[in-house]
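> Got a structure here, written out as structure tokens. Questions coming.
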Amino acid sequence: MENSMNSFVGAFLPLIVLFAIFYFVLIRPQLKQQKAHKEMLANLKKGDKVITNGGLICEIVKVEDKFFSVKLNDDTQVRLSKDFIFNKYEEENK
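Residue numbers (this note's numbering): 0 to 93.
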């Protein structure tokens with residue numbers, strides 16, 4: 000009985016180790032990145048500049064539940080889904 004238990008553990012130990020490595024190398028960093036992005040979206044407010052997934056730099060005019068109203072230039076204002084915000088835009092000092 001004990002011999003079969005040792006062979007069972009010995010057979011699955013490499014799989015358990017492989018899963019642990021997979022978790023810490025791939026899954027955990029991705030979860031941290033998703034959490035940071037969600038926090039960034041929650042902290043955006045009127046007047047912040049953002050970069051969209053398409054590379055446009057826009058200024059937030061109004062914050063809604065699932066959308067932002069953004070200003071592309073002085074004449075153009077559109078609604079943008081929060082899913083398409085890539086990052087907050089920080090201007091570089093030159």
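C-beta atoms are modelled at their ideal positions from N, C-alpha and C, and glycine is treated no differently.
Measure the alpha-carbon distance for residue 38 versus residue 17 and round it to whole angstroms.
Using only the alpha carbons, I get a separation of about 31 Å.
> As a quick exercise: from 54, 49 and 68, pick the residue whose alpha carbon is nearest that of residue 88.
Residue 49 is the option with its Cα nearest to residue 88.
> Could you check if residue 69 is buried or exposed, using at least 16 other CB atoms within 10 Å of its CB as the buried criterion?
Per the 10 Å Cβ criterion, buried.
> Thinking just about the alpha-carbon of each residue, which of 72, 27 and 80 is nearest to the one in residue 52?
When only C-alpha atoms are compared, the closest one is 80.
> Taking only the alpha-carbon atoms, compute the straight-line gap between residue 41 and residue 10 and give it to the nearest angstrom.
About 46 Å.
> Tell me where the beta strand (DSSP E) around residue 58 begins and ends.
Counting along the chain, the beta strand (DSSP E) containing residue 58 begins and ends at 56-62.
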